[in-house]
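Quick notes on the structure that follows.
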Amino acid sequence: MDTSVNYEELLELTVSLAARLQKSGAETYRVEETIVRTVGAYGVEKVDAFVIPGSIFGSLETDDGQVYTKIRRIQNSDTSIDGIERYSALCRRLCRETPPIREAKKLLAETDASVRTYNLFIYYLADFILAAGFAIFFKGTIMDALSAGICGVATGFFMRLMGFLNANTFFKTFAGGFIIAFSAYGLAAIGICDNADVASIGTMMMLVPGFLLTNSLRDIIYGDTMSGVNRLVQVLIIAVALVVGTGTAISLTRHLWGAIPGSENLVEHGLAVECAAGMIGSLGYSLMINTHGKGLIHCMFGSVIASFVCSTCIRLGLPEPASYFIAAGISAFYAEIVARIRKHPATSYLMAALVPLIPGAGIYYTMNFIAANQGAEAWSKGLATAAISGAMAVGVLFVSTGFRMWGEYKRRRAVEKTKKAE
Numbered sequence: 001m002d003t004s005v006n007y008e009e010l011l012e013l014t015v016s017l018a019a020r021l022q023k024s025g026a027e028t029y030r031v032e033e034t035i036v037r038t039v040g041a042y043g044v045e046k047v048d049a050f051v052i053p054g055s056i057f058g059s060l061e062t063d064d065g066q067v068y069t070k071i072r073r074i075q076n077s078d079t080s081i082d083g084i085e086r087y088s089a090l091c092r093r094l095c096r097e098t099p100p101i102r103e104a105k106k107l108l109a110e111t112d113a114s115v116r117t118y119n120l121f122i123y124y125l126a127d128f129i130l131a132a133g134f135a136i137f138f139k140g141t142i143m144d145a146l147s148a149g150i151c152g153v154a155t156g157f158f159m160r161l162m163g164f165l166n167a168n169t170f171f172k173t174f175a176g177g178f179i180i181a182f183s184a185y186g187l188a189a190i191g192i193c194d195n196a197d198v199a200s201i202g203t204m205m206m207l208v209p210g211f212l213l214t215n216s217l218r219d220i221i222y223g224d225t226m227s228g229v230n231r232l233v234q235v236l237i238i239a240v241a242l243v244v245g246t247g248t249a250i251s252l253t254r255h256l257w258g259a260i261p262g263s264e265n266l267v268e269h270g271l272a273v274e275c276a277a278g279m280i281g282s283l284g285y286s287l288m289i290n291t292h293g294k295g296l297i298h299c300m301f302g303s304v305i306a307s308f309v310c311s312t313c314i315r316l317g318l319p320e321p322a323s324y325f326i327a328a329g330i331s332a333f334y335a336e337i338v339a340r341i342r343k344h345p346a347t348s349y350l351m352a353a354l355v356p357l358i359p360g361a362g363i364y365y366t367m368n369f370i371a372a373n374q375g376a377e378a379w380s381k382g383l384a385t386a387a388i389s390g391a392m393a394v395g396v397l398f399v400s401t402g403f404r405m406w407g408e409y410k411r412r413r414a415v416e417k418t419k420k421a422e
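Take 1 as the starting number for the sequence shown in the numbering used here and just add one per residue.
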């Protein structure tokens with residue numbers, strides 16, 4: 001252990017770095033490993049880290065038994081792939097070079113300044129193409145895609161306004177769900193939108209907690225039970241808010257304009273159109289979560305792989321959970337390979353690749369059944385949606401665990417070779 005290191009400053013640095021990762025949307029295990037590996041690189045063997053959404057606890061113990069502890073409360077976190085990539089790269093650099101703490105703090109400040117964001121126009125463009133692309137993906141017409149794009153821009157505006165006003169998650173989601181349904185059914189009432197449900201589902205891909213549900217199940221399976229349960233509670237809060245918001249809007253539009261086309265006249269697109277639509281929607285999602293540069297191309301290609309594999313499996317007669325399991329596993333394998341080639345976290349490519357697999361339609365219709373007091377139908381659709389999310393989580397978990405085990409094996413071999421050389 002290097003006695004020249006100020007351990008309180010070291011722990012403060014690593015917890016600050018971990019906090020930035022969590023605010024950028026990094027996984028629980030990545031945030032914990034950032035603390036353990038960075039502190040360990042400075043010669044401290046006794047390191048503990050405990051992370052749940054919104055909170056970070058880090059501690060270290062010196063050789064003389066002195067214990068240092070830092071706690072950090074995280075609020076207003078969002079997903080920023082560029083932030084995850086840059087802070088993860090900084091973590092690797094600190095572990096590799098172990099610069100003095102003062103220099104490490106400067107590197108952290110420089111990384112803060114280097115994280116890129118898009119201008120407001122790009123974010124609204126992302127809202128439009130995300131909603132429009134997934135409207136086609138979910139068997140909509142061109143007019144449904146145009147309507148969904150308009151709804152996406154309107155929803156993006158109100159969600160950013162709610163964020164500016166520091167509205168809580170429930171109210172933000174309620175407002176977003178209301179705007180989505182009211183806009184879609186309003187456009188259907190004036191004859192622009194052919195299928196209001198399809199336009200709503202395409203737009204709702206901006207808000208559905210599909211990733212949150214999948215990640216919560218993955219955390220629980222992986223052993224991060226508290227983190228998984230925490231995320232699961234967030235899923236329930238968002239789902240209830242969406243039910244109330246969309247249900248209120250649909251009831252209001254029916255009172256104002258009467259019966260409106262829902263999911264009539266759906267279009268059975270070919271596999272090529274379906275993959276292209278999923279790719280466009282994933283591009284919008286990638287822009288929305290702040291992905292930059294060549295990463296956008298890799299994300300779009302990953303989404304094509306996911307759509308193609310899942311649709312092909314279903315067309316071959318495989319059950320939906322099995323099809324989604326295979327597609328998620330292959331997408332995770334693709335993300336892990338690209339991550340190692342580009343020296344970036346696999347999350348950068350996995351999130352966008354899995355977007356077409358998110359059971360947005362299942363979540364939407366489950367909410368509609370609940371709003372209509374159709375308990376049996378809601379239960380059936382909800383179970384099917386949960387089965388798909390669970391299958392995706394297990395598929396990703398198998399692949400990511402295999403790669404992590406292989407990485408740990410290589411690390412231990414390297415340590416053994418170093419010891420033999422000494």
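Beta carbons are placed, not taken as given, at the ideal position from N, Cα and C, and that holds for glycine.
- When DSSP assignments are scanned along the region 223-286, no uninterrupted stretch of beta strand (DSSP E) that is 3 or more residues long falls wholly within it.
- Proximity to Pro99 across Gly43, Val394, Arg116, Gly375 peaks at Gly43, based on C-alpha coordinates.
- Counting every other CB atom within 10 Å of its CB across the protein chains shown gives Ser24 a total of 16 or more, marking it as buried.
- Unbroken beta strand (DSSP E) runs of no fewer than 3 residues, entirely contained in the region 62-93, are found at 67-73, following chain order.
- Pairing Ser88 with Thr34, the inter-Cα distance amounts to about 8 Å.
- Ser24 sits in coil when the DSSP states are folded into three classes, being neither helix nor strand.
- Listed in chain order, the non-local C-beta contacts of Gly278 below 8 Å within the same chain comprise Gly133, Phe134, Phe137, Ser303, Val304, Ala306, Ser307, Val355, Pro356, local neighbours out to five positions each way being set aside.
- Closest option to Lys294, judged by alpha-carbon separation, among Val67, Thr385, Asp82, Asp219: Asp82.
- Counted as a single uninterrupted DSSP element, the alpha helix (DSSP H) harbouring Lys172 occupies residues 169-189.
- Counted as a single uninterrupted DSSP element, the stretch harbouring Val47 is not any alpha helix (DSSP H) but the beta strand (DSSP E) occupying residues 46-52.
- Rounded to the nearest whole angstrom, the C-alpha separation of Ala113 and Glu268 is 47 Å.
- Taking a contact as a CB-CB distance under 8 Å, the pair Thr312 and Ile84 does not count as one, their CB atoms being some 31 Å apart.
- In this structure, the straight-line span from the alpha carbon of Cys193 to that of Arg96 is close to 56 Å.
- When the five nearest sequence neighbours on each side are left out, the beta carbons in the same chain lying within less than 8 Å of the beta carbon of Met205 are those of Leu130, Ala131, Phe134, Gly281, Tyr285, Val355, Ile358, Gly360, in order along the chain.
- In terms of Cβ geometry, Phe157 and Tyr124 form a close pair [threshold 9 Å].
- The beta carbon of Ile74 sits closer than 7 Å to those of Ala19, Gln22, Lys23, Gly54, Ser55, Ile56, all from its chain and outside the five residues before and after it, given in chain order.
- For Leu242 against Gly177, the beta-carbon gap comes to about 4 Å, under 8 Å, which counts as contact.
- As DSSP reads the structure, Ile56 sits in a beta bridge with Val51, Arg72.
- DSSP places Phe134 in the uninterrupted alpha helix (DSSP H) bounded by 120-137.
- Counting the other CB atoms within 10 Å of its CB gives His298 a total of 16 or more, which places it among the buried residues.
- Burial state of Leu271 is exposed, judged by a 10 Å Cβ sphere holding fewer than 16 other Cβ atoms.
- Excluding the 5 residues flanking it on each side, Val15 has same chain C-beta neighbours closer than 7 Å at Ile35, Ile56, Gly58, Lys70, Arg72, in chain order.
- Assigned with DSSP and collapsed to three states, Tyr42 falls in coil, not helix or strand.
- Ala196 is the residue among Leu13, His255, Ala196, Ile52 whose C-alpha sits nearest the C-alpha of Tyr365.
- Counting C-beta atoms within 10 angstroms of its own C-beta, Lys106 has fewer than 16 neighbours from the protein chains shown and is therefore classed as exposed.
- Judged by DSSP in its simplified three-state form, Gly317 adopts coil rather than helix or strand.
- If the five residues before and after Arg116 are omitted, its C-beta is found closer than 7 Å to the C-beta atoms of Asp82, His292, all from its own chain and listed in chain order.
- Between Val309 and Ile337 a beta carbon distance of about 15 Å is seen, past the 8 Å cut, so the two are scored as non-contacting.
- By the 16-neighbour rule on beta-carbons within 10 angstroms, Lys417 is exposed.
- Lys410 sits exposed, since fewer than 16 C-beta atoms from the chains shown fall within 10 Å of its C-beta.
- Spanning the alpha carbons of Ala104 and Leu11 requires a straight line of approximately 12 Å.
- Around the beta carbon of Asp78, fewer than 16 other beta carbons sit within 10 angstroms, so the residue counts as exposed.
- Contact annotation, Phe333 with Val399: C-beta distance approximately 5 Å; criterion of less than 8 Å satisfied.
- Collapsing the DSSP output to three states places Lys381 in a helix.
- Judged by DSSP in its simplified three-state form, Thr203 adopts helix.
- Distance from the CA atom of Val153 to the CA atom of Phe128, rounded to whole angstroms, is 6 Å.
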